[in-house]
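This report concerns only the one structure given below.
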Amino acid sequence: MTVAIDRRRAVLAVSVLPLWPAAAARATPAALEAAMQAFTGGAPVRDGRVAIEIAELIENGNTVPVALTVDSPMTAADHVQRLALFTERNPQPEVAVFHLSPASGRARVATRMRLATSQRVVALARLSDGSCWRHQVEVVVTLAACVEG
Amino acid sequence: MAVRALVRLPPTVRRGEVFEVRTTLAHPMETGYRRDSDGRMLARDIVRRLEVRLAGEPVFAADLHPAIAANPFVAFTLVAQAGGPLVLRWTGDRGFDHTETVMLVVE
Chain U
1176 MTVAIDRRRA VLAVSVLPLW PAAAARATPA ALEAAMQAFT GGAPVRDGRV AIEIAELIEN
1236 GNTVPVALTV DSPMTAADHV QRLALFTERN PQPEVAVFHL SPASGRARVA TRMRLATSQR
1296 VVALARLSDG SCWRHQVEVV VTLAACVEG
Chain A
12 MAVRALVRLP PTVRRGEVFE VRTTLAHPME TGYRRDSDGR MLARDIVRRL EVRLAGEPVF
72 AADLHPAIAA NPFVAFTLVA QAGGPLVLRW TGDRGFDHTE TVMLVVE
């Protein structure tokens, strides 16, 4: 009997091991602003041209498919140089920065990310003419990035 | 320990045709924000960068942070005028360094 309980406790202890801490380290809107500022170098940011493809309702925050596309001809004269993904309330605002070039042919990248909680996800694109473009979406996460030993 | 990486691209592509490269690397992407069952912080151990070269020329790169899921998946597009070795190099914490080479065939 005791053995069974101990085993159950042990299983519980492992299964609740959080992937992100509950509230300890978490980015703030200010940290997000600072990270985006570092990416743009202070250039003005306009909404449009870049798009985030992500489910609005996410059941499992441990591995969330996300794709970024930019409306760009990707020619030597006019192309996306860098494409970045940020979050508002993960421990760190940065998720990834992708470095593109005319050799990309098309401005589309995909990856899988972690989401600690329901929050805003922001994509920024920096083009060869120096302009910066943004798209942001609010996502709801039902099972936060956790319970993965 | 052998590193496992998966790189998928079309068997052949036409000159000037945009194609997709899909990559997955077996790696825990330990965030550095977790504790073990004894309460000790688990040190960060992530892949920080993927660099891709085609015939020696850099064509794509990605900087990764702890918010990228375990077994990092990155898909991107390329367009090529000529084939050659496509070299993918992942580098990261604890001296992680893995290179995978696939041949790109352009018709």
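From first to last, the protein sequence lines are chains U and A. Residue numbers for the first sequence follow the numbering used here, beginning at 1176 and rising by one. Residue numbers for the second sequence follow the numbering used here, beginning at 12 and rising by one. A virtual CB, placed ideally from N, CA and C, is assigned to each residue, including glycine. Computed from a prediction, not measured in an experiment: that's the story for all the values here.
Can you give me, in chain order, the residues of the segment 73 to 89 of chain A that have a beta carbon less than 9 Å from any beta carbon in chain U? Ala-73, Asp-74, Leu-75, His-76, Pro-77, Ala-78, Ile-79, Ala-80, Ala-81, Asn-82, Pro-83, Phe-84, Val-85, Ala-86, Phe-87, Thr-88, Leu-89
Comparing the C-beta of Thr-1203 (chain U) with each C-beta of chain A, is any distance below 8 Å? no
Strictly under 8 Å for the Cβ-Cβ distance: is Val-24 (chain A) near chain U by that measure? no
Residue range of the unbroken alpha helix (DSSP H) whose run includes Glu-1208 (chain U): 1204 to 1215
What would DSSP say about Asp-104 (chain A), mapped onto helix, strand or coil? helix
Using a beta-carbon distance below 8 Å, is Leu-1275 (chain U) in contact with chain A? yes
Listing by chain order, which chain U residues have their CB less than 7 Å from the CB of Phe-29 (chain A)? Sequence check: residue 29 (chain A) is Val here, not Phe. Within chain U, the residues near Val-29 (chain A) are Gly-1280, Arg-1281.
Would a check of beta-carbon distances place Ala-1197 (chain U) closer than 8 Å to chain A? Residue placement at Ala-1197 (chain U) cannot be trusted, given a pLDDT of 48 that sits under 50; what the coordinates show is reported in the next sentence. Judged by the 8 Å Cβ criterion, Ala-1197 (chain U) is not in contact with chain A.
Check whether chain A comes within 8 Å of Val-1250 (chain U), counting only Cβ atoms and requiring the distance to be less than that. With the sequence shown as reference, residue 1250 (chain U) is identified as Thr, and Val is not the correct amino acid for it. False, the Cβ-Cβ gap to chain A never drops below 8 Å.
Under 9 Å Cβ-Cβ, which residues of chain U neighbour Phe-71 (chain A)? Phe-1273, His-1274, Leu-1275, Ser-1276, Ala-1278, Ser-1279, Val-1284
Would you say Thr-1215 (chain U) lies against chain A (beta-carbon separation less than 8 Å)? no
Tell me, which residues are paired with Ile-1227 (chain U) by DSSP? U:Leu-1243
Helix, strand or coil for Pro-69 (chain A), going by three-state DSSP, please let me know. strand
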